[in-house]
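Q: Number 334 in numbering that gives the first Met the number 0 belongs to position 335 of the sequence shown; there are no gaps in the numbering. Please read through the structure below; I'll follow up with questions.
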Amino acid sequence: MTPAPPQLAPPRARSRVILTAVLGVVLLAAVFLPARNPVTHRLAAEWRPSAELAGVLFLIAMAALASPRLVAERSFAFLLALLVVGAALLNLADAATPRLLGRDLNLYWDLQHLPSLFGLARDSAGLWSASVAAALLFAAVSFAVAGAYWIWRRVLASLADRRIAIAAAVLLGVALDVTSFLPAEHRPLATGLGTDILRHAAGFEHGWRAEAEAGVPLPAALASSGPPGSTLAGLKRRDVYLVYIESYGTTVFDTPEFRSALRGPLIDFESALRAAGYTIASNRLVSPTFGGGSWLAHATLASGVRMDDPVLFSQLSRSGRKMLPGYFKDAGWRAIEIMPGIKAPDPEARAWGFDRDVYAAELGYHGPSFGWFAIPDQFTLERAAEIREALGSEMPVFTQIVLVSSHIPFSPVPPYLPDWRDAGAFATVPADAWEEIFRPPDWTVLAPGYLKSLKYDFAVLGDWLAKHLAGNGLVILLGDHQPPAVVGGELQQWTVPVHVLSRDPDLVAPFTSAGYVAGLVPPPTPPAKGMETFLPSFLTAFDRSD
Numbered sequence: 000m001t002p003a004p005p006q007l008a009p010p011r012a013r014s015r016v017i018l019t020a021v022l023g024v025v026l027l028a029a030v031f032l033p034a035r036n037p038v039t040h041r042l043a044a045e046w047r048p049s050a051e052l053a054g055v056l057f058l059i060a061m062a063a064l065a066s067p068r069l070v071a072e073r074s075f076a077f078l079l080a081l082l083v084v085g086a087a088l089l090n091l092a093d094a095a096t097p098r099l100l101g102r103d104l105n106l107y108w109d110l111q112h113l114p115s116l117f118g119l120a121r122d123s124a125g126l127w128s129a130s131v132a133a134a135l136l137f138a139a140v141s142f143a144v145a146g147a148y149w150i151w152r153r154v155l156a157s158l159a160d161r162r163i164a165i166a167a168a169v170l171l172g173v174a175l176d177v178t179s180f181l182p183a184e185h186r187p188l189a190t191g192l193g194t195d196i197l198r199h200a201a202g203f204e205h206g207w208r209a210e211a212e213a214g215v216p217l218p219a220a221l222a223s224s225g226p227p228g229s230t231l232a233g234l235k236r237r238d239v240y241l242v243y244i245e246s247y248g249t250t251v252f253d254t255p256e257f258r259s260a261l262r263g264p265l266i267d268f269e270s271a272l273r274a275a276g277y278t279i280a281s282n283r284l285v286s287p288t289f290g291g292g293s294w295l296a297h298a299t300l301a302s303g304v305r306m307d308d309p310v311l312f313s314q315l316s317r318s319g320r321k322m323l324p325g326y327f328k329d330a331g332w333r334a335i336e337i338m339p340g341i342k343a344p345d346p347e348a349r350a351w352g353f354d355r356d357v358y359a360a361e362l363g364y365h366g367p368s369f370g371w372f373a374i375p376d377q378f379t380l381e382r383a384a385e386i387r388e389a390l391g392s393e394m395p396v397f398t399q400i401v402l403v404s405s406h407i408p409f410s411p412v413p414p415y416l417p418d419w420r421d422a423g424a425f426a427t428v429p430a431d432a433w434e435e436i437f438r439p440p441d442w443t444v445l446a447p448g449y450l451k452s453l454k455y456d457f458a459v460l461g462d463w464l465a466k467h468l469a470g471n472g473l474v475i476l477l478g479d480h481q482p483p484a485v486v487g488g489e490l491q492q493w494t495v496p497v498h499v500l501s502r503d504p505d506l507v508a509p510f511t512s513a514g515y516v517a518g519l520v521p522p523p524t525p526p527a528k529g530m531e532t533f534l535p536s537f538l539t540a541f542d543r544s545d
């Protein structure tokens, strides 16, 4: 018995199916509209359809011709919905990250910090607000997946018609073929998402291979033991303080609004230092990171290797390379670091070569929490002075301090206390002042909080250096990276200010000989040297006795 031929849908019904499918494809294509302007890095719209979405549709059309039952499965539509929503989120993140942070998204590295990002939101906005935001985000993604599933069910249903599947395969195949041969600017389909996917895949492969091949030779950048040793005799066995100021970038001097807002605090800061007998010189250094990743900057300066690759940073601890604290120890200094932002012991800290690591718990702060890292910089500096005093005068000390009050989200900013003995209890702060201190900021405009946090740090540092830091040691103040692009702009250079100061002009002289200029304002003339040049230059400059 000859089977009856399949019944074709009436023309009107078929037209309705096709129209629904086309509108569904248009909606799917719309989620890939976000892009970034290649010149300004601002968010833009890519009106050309996504080549990657076209490729998926082409493969589905071919599958529908080969196995109609496969594309009729509900689970298949659900998997496609997850795929499209995931790809759309990746596309949006790739487009928005340069605008927010001033750098490209590094999926391998940035995914590891998602828990910290939630912790930042929780500590800044409160657990309830952060939880509500997370719930709303989850609901939005779930709604997007549900919507994509509904669309895919209609698109797949249309492809059950063999003629529609053939037409779709031919049309999409021609578009993909033309796209593969034409220059980027003339392609009918956009290929940016595919390029980003390949870049992220290469990043994952590079990171996983580095972790799996722990026994293989190190990259050339880390293969050497570092610069030659130095007697550091030119330091006259004086204490040395290396103080990082979080997110302190040269946008402070290069952006007119920032320069105007900080002009008074910087003048007061410099006046206090000069009145205390300090000689000051300043310059610019190029940070390996922008908008975040402070540890990359710290490691770059300490190792003499530019840590612009997070995987390279992960290999530093096993390289055995001597870093700045080790050079000080070899020359007869004790070396300690004070890191209020580290809340748990770091198993890889020993690779840095410090004699002692002072983290948040050891600082013993029990006052109100300010920002993500809780501990105000004034308390950290007050404890640093106590720690140094307890070490005695038998040996000079190299102290590395990382100040965190100017870390994003720059709020709440601690109040500066003239009475340093109250830096942990805040008993001298009037009760009615706390409402203003902890008033929620405008999260859409972070620049005022950023500037306020730097004003606080300049006031604290000026007082500490002038009145609480004894002796004629060398102090090096510098930023770790520019603030996130959402604060200072994404087209800023990756440069940070560096200030060297001492009551002994001889300790500042090597820096002025190397191009540093007098005062707190770094010279604007490019090119600035990378942070990785600081270590060898420093060791050479002070490897003398005259």
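For glycine and all other residues, C-beta sits at the position ideal for the given N, C-alpha and C. Keep in mind that this is a model prediction, so the values were computed, not measured.
Residues in its own chain within less than 7 Å of residue 396 by CB, not counting five upstream and five downstream?
A: As a working mapping, residue 396 is identified with position 397 in the sequence shown. Hits under 7 Å: 238, 332, 333, 335, 387, 390.
Q: Check for me: the beta strand (DSSP E) holding residue 282 runs from which residue to which?
A: As a first step, residue 282 must be located in the sequence shown, where it is residue number 283. Taken as a continuous stretch (DSSP letters only), the beta strand (DSSP E) holding residue 282 covers 278-285.
Q: How long is the line joining the alpha carbons of residue 182 and residue 165, rounded to whole angstroms?
A: Taking the first residue of the sequence shown as 1, we reach residue 182 at position 183. Taking the first residue of the sequence shown as 1, we reach residue 165 at position 166. One C-alpha to the other measures close to 28 Å.
Q: Look up residue 35 in the DSSP assignment and say whether it is helix, strand or coil.
A: In the sequence shown, the residue the question calls residue 35 occupies position 36. Strand at residue 35.
Q: Rounding to the nearest angstrom, what Cα-Cα distance links residue 373 and residue 367 in this structure?
A: Position 374 of the sequence shown, counting from 1, holds the residue named residue 373. Position 368 of the sequence shown, counting from 1, holds the residue named residue 367. Whole-angstrom Cα-Cα distance: 7 Å.
Q: Are the stretch 166-175 and the stretch 25-38 touching, with three or more C-beta to C-beta distances below 8 Å?
A: The answer is no - the stretch 25-38 does not touch the stretch 166-175, with fewer than three Cβ pairs under 8 Å.
Q: For the structure I just gave you, are there three or more beta carbon pairs, one from the stretch 290-306 and one from the stretch 354-371, closer than 8 Å?
A: Output reads no: the stretch 354-371 does not touch the stretch 290-306.
Q: For residue 300 and residue 77, which I take to be in contact (beta-carbon distance under 8 Å), what is that distance rounded to the nearest angstrom?
A: Along the sequence shown, read from residue 1 onward, the residue named residue 300 stands at position 301. Along the sequence shown, read from residue 1 onward, the residue named residue 77 stands at position 78. That pair is no contact at about 50 Å.
Q: Mind listing, in chain order, the continuous alpha helix (DSSP H) runs of no fewer than 4 residues lying wholly within the stretch 351-390?
A: Within the stretch 351-390, the complete alpha helix (DSSP H) runs of at least 4 residues are 359-362, 376-389.
Q: Classify residue 528 as helix, strand or coil using the three-state DSSP reduction.
A: In the sequence shown, counting from the first residue as 1, residue 528 sits at position 529. In the structure shown, residue 528 sits in a strand (DSSP, three-state: E or B).
Q: To which residues does DSSP link residue 455 through a beta bridge?
A: Here residue 455 corresponds to residue number 456 of the sequence shown, with the count starting at 1. For residue 455, which the question treats as bridged, DSSP gives no partner whatsoever.
Q: Give the range of the beta strand (DSSP E) segment to which residue 397 is assigned.
A: Within the sequence shown, residue 397 is the residue found at index 398, counting from 1. Residue 397 -> beta strand (DSSP E) spans 396-402.
Q: Is it buried or exposed for residue 455, if we count other Cβ within 10 angstroms and need 16 for buried?
A: What you label residue 455 is simply residue 456 of the sequence shown in a count that begins at 1. Under this definition residue 455 is a buried residue.
Q: Residue 450 and residue 261 - do their beta-carbons sit closer together than 8 Å?
A: As a working note, residue 261 is residue 262 in the sequence shown. As a working note, residue 450 is residue 451 in the sequence shown. Contact flag set, yes.
Q: Figure out for me which residue from 531, 435, 340, 509 has the closest Cα to the Cα of residue 401.
A: Counted from its first residue, the sequence shown places residue 401 at position 402. Nearest C-alpha to residue 401: 340.
Q: Name the one or two DSSP bridge partners that residue 154 has.
A: The sequence position of residue 154 within the sequence shown is 155, counting from 1. The partner list for residue 154 (beta bridge, DSSP) is empty, contrary to what the question assumes.
Q: In the DSSP assignment, find the unbroken beta strand (DSSP E) run with residue 333 in it and report its ends.
A: For the purposes of this step, residue 333 is identified with residue 334 of the sequence shown, where counting begins at 1. Residue 333 -> beta strand (DSSP E) spans 333-338.
Q: Taking the straight line between their C-alpha atoms, what separation do you get for residue 471 and residue 113?
A: In the sequence shown, counting from the first residue as 1, residue 471 sits at position 472. In the sequence shown, counting from the first residue as 1, residue 113 sits at position 114. Using only the alpha carbons, I get a separation of about 44 Å.
Q: Give me, in chain order, the residues of the same chain whose beta-carbon lies closer than 8 Å to that of residue 353; leave out the 5 immediate sequence neighbours on both sides.
A: Sequence index remark: in the sequence shown, residue 353 carries index 354 (1-based). Correct list, in chain order: 324, 334, 335, 336, 399.
Q: So residue 541 and residue 231 are in contact, right, with Cβ under 8 Å, and what is the actual spacing, rounded?
A: Here residue 541 refers to the residue found at position 542 of the sequence shown. Here residue 231 refers to the residue found at position 232 of the sequence shown. The Cβ separation is near 5 Å, so the contact holds.
Q: With a CB to CB cut of under 8 Å and the five nearest residues on each side skipped, what residues in its chain are close to residue 15?
A: Along the sequence shown, one-based indexing puts residue 15 at 16. For residue 15, where only same-chain residues beyond five positions count, there are no Cβ hits under 8 Å.
Q: To the nearest angstrom, report how far apart residue 259 and residue 249 are at their CA atoms.
A: Sequence index remark: in the sequence shown, residue 259 carries index 260 (1-based). Sequence index remark: in the sequence shown, residue 249 carries index 250 (1-based). When rounded, the distance between both Cα atoms is 13 Å.
Q: How long is the line joining the alpha carbons of residue 486 and residue 273, rounded to whole angstroms?
A: Looking up residue 486 in the sequence shown gives position 487. Looking up residue 273 in the sequence shown gives position 274. Near 31 Å, if we compare the C-alpha coordinates of residue 273 and residue 486.
Q: If you draw a straight line from the alpha carbon of residue 23 to that of residue 151, how long is it in whole angstroms?
A: Numbered from 1 along the sequence shown, position 24 holds the residue referred to as residue 23. Numbered from 1 along the sequence shown, position 152 holds the residue referred to as residue 151. Each residue's Cα considered, the two are about 7 Å apart.
Q: So, residue 192 versus residue 86, is the Cβ gap smaller than 8 Å?
A: Numbered from 1 along the sequence shown, position 193 holds the residue referred to as residue 192. Numbered from 1 along the sequence shown, position 87 holds the residue referred to as residue 86. Yes, the pair counts as a contact, with Cβ atoms nearer than the cut-off.
Q: Kindly indicate which three-state DSSP category residue 196 falls into: helix, strand or coil?
A: Translated into positions along the sequence shown, residue 196 becomes position 197. Note: residue 196 maps to helix in three-state DSSP.
Q: Buried or exposed: residue 155, going by 16 or more other Cβ atoms within 10 Å of its Cβ?
A: Mapped onto the sequence shown, residue 155 falls at position 156. Per the 10 Å Cβ criterion, buried.
Q: If the criterion is Cβ atoms closer than 8 Å, does the pair residue 488 and residue 246 meet it?
A: For the purposes of this step, residue 488 is identified with residue 489 of the sequence shown, where counting begins at 1. For the purposes of this step, residue 246 is identified with residue 247 of the sequence shown, where counting begins at 1. No, these two residues do not count as a Cβ contact at 8 Å.
Q: Answer yes if the stretch 274-283 comes into contact with the stretch 503-511, meaning at least three C-beta pairs across the two stretches below 8 Å, and no otherwise.
A: With the cut-off at 8 Å, the stretch 503-511 and the stretch 274-283 touch.
Q: So does residue 239 have its beta carbon nearer than 7 Å to some heavy atom of the ligand MG?
A: This structure simply doesn't include the ligand MG, nor any ligand for that matter.
Q: Consult DSSP for residue 415 and reduce its assignment to one of helix, strand or coil.
A: Locating residue 415 in the sequence shown gives position 416, where the first residue counts as 1. Correct three-state label for residue 415: coil.
Q: Could you check whether the stretch 517-531 touches the stretch 489-501, counting it as contact only if at least three pairs of C-beta atoms, one from each stretch, sit closer than 8 Å?
A: Segments in contact, yes.
Q: In angstroms, rounded to a whole number, what distance separates the CA positions of residue 111 and residue 342?
A: For the purposes of this step, residue 111 is identified with residue 112 of the sequence shown, where counting begins at 1. For the purposes of this step, residue 342 is identified with residue 343 of the sequence shown, where counting begins at 1. Approximately 17 Å, taken between the alpha carbons.
Q: Here's the rule I'm using: 16 or more other beta-carbon atoms within 10 Å means buried, otherwise exposed. How should residue 102 be labelled?
A: By 1-based counting over the sequence shown, the position of residue 102 is 103. Classification of residue 102: buried, given that the 10 Å Cβ count is 16 or more.
Q: In terms of residue numbering, what span does the alpha helix (DSSP H) encompassing residue 297 cover?
A: What you label residue 297 is simply residue 298 of the sequence shown in a count that begins at 1. Where residue 297 is concerned, the enclosing alpha helix (DSSP H) stretches over 293-302.
Q: Which residues bound the beta strand (DSSP E) around residue 243?
A: Translated into the one-based positions of the sequence shown, residue 243 becomes position 244. Segment 239-244, the beta strand (DSSP E) holding residue 243.
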